[in-house]
Amino acid sequence: MLSTIEKIIFLKGVQLFQEMSSEQLTHIAQIATEIMTEKHEILITEGDIGDALYIVIDGKMRIHKGDVTIVMMGAREPIGEMGILDSAPRSASVTAEQDTRLLKIEREAFNELLSDHIEIARGVIQVLLHRLRQVSSASTHHDTPTTQDLPKEPARKQEKD
């Protein structure tokens with residue numbers, strides 16, 4: 002089990018929390034609990050209501066929709082970060098690919114922390130906005146057709162009266 006100081010050091014290496022002060026990380030470390038998942042154990046089921054954020058300490062987690070793997074998550078990577086901000090249904094399932102240790106931050110405890118420390122909320126929002134911009138930019142440049150990619154409609158001939 003990680004001590005509070007080890008949690009602080011660990012959290013500092015997680016992108017979601019990198020810009021936070023040691024004092025802010027101390028508050029987060031105090032509400033974070035360490036959990037274990039065994040290989041093939043389901044951590045999150047698609048459609049369940051999001052109630053926590055998980056951060057991989059060590060091991061591997063597979064994010065998937067049915068049998069289709071979306072991404073593999075390893076050390077210092079957050080899982081379910083949107084679940085800490087709202088109670089929307091999870092968009093994918095998460096299963097342990099091997100025995101995995103994670104930090105779990107419950108939404109209710111995190112919300113209480115945010116009400117006392119607004120600067121933590123600002124930090125999390127900034128990181129999530131940055132990620133959203135990255136995803137939006139990547140999809141704009143790679144997957145989404147531009148108006149230049151759309152077929153041109155042939156010019157119509159005007160009928161004579």
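Here the sequence shown stands for residues 2 to 162, where the numbers follow the numbering used here.
Yeah, the Cβ is synthetic: ideal placement off N, Cα and C, and Gly gets one too.
Treat the numbers as computed from the prediction; the structure is a model and nothing was measured.
Check, Outcome
"Are T101 and D49 closer than 8 angstroms when you measure CB to CB?", "no"
"Between T5, T96, T34, L17, which has its C-alpha nearest A110's C-alpha?", "T34"
"Which one of A93, E82, I36, M83 has the shortest CA to CA distance from R63?", "A93"
"Going by beta carbon distance, what residues of the same chain come within less than 7 angstroms of I71, once the five residues before and after it are set aside?", "I64, H65, A93"
"Can you name the residues that DSSP bridges to I43?", "T96"
"Under three-state DSSP, which class holds A89?", "coil"
"Looking at the structure shown, is L3 part of a helix, part of a strand, or coil, going by DSSP?", "coil"
"Identify the continuous alpha helix (DSSP H) that holds D117 and give its terminal residues.", "108-117"
"Would you list the residues sitting across from A53 in a DSSP beta bridge?", "E107"
"First and last residue of the alpha helix (DSSP H) that includes E24?", "23-32"
"Between the segment 7-18 and the segment 40-47, do three or more beta carbon pairs fall short of 8 angstroms?", "no"
"In the DSSP assignment, the beta strand (DSSP E) including R63 goes from what residue to what residue?", "62-66"
"Looking only at its own chain, which residues have a Cβ that is under 6 angstroms from the Cβ of V128, when we skip the five neighbours before and after it?", "L17"
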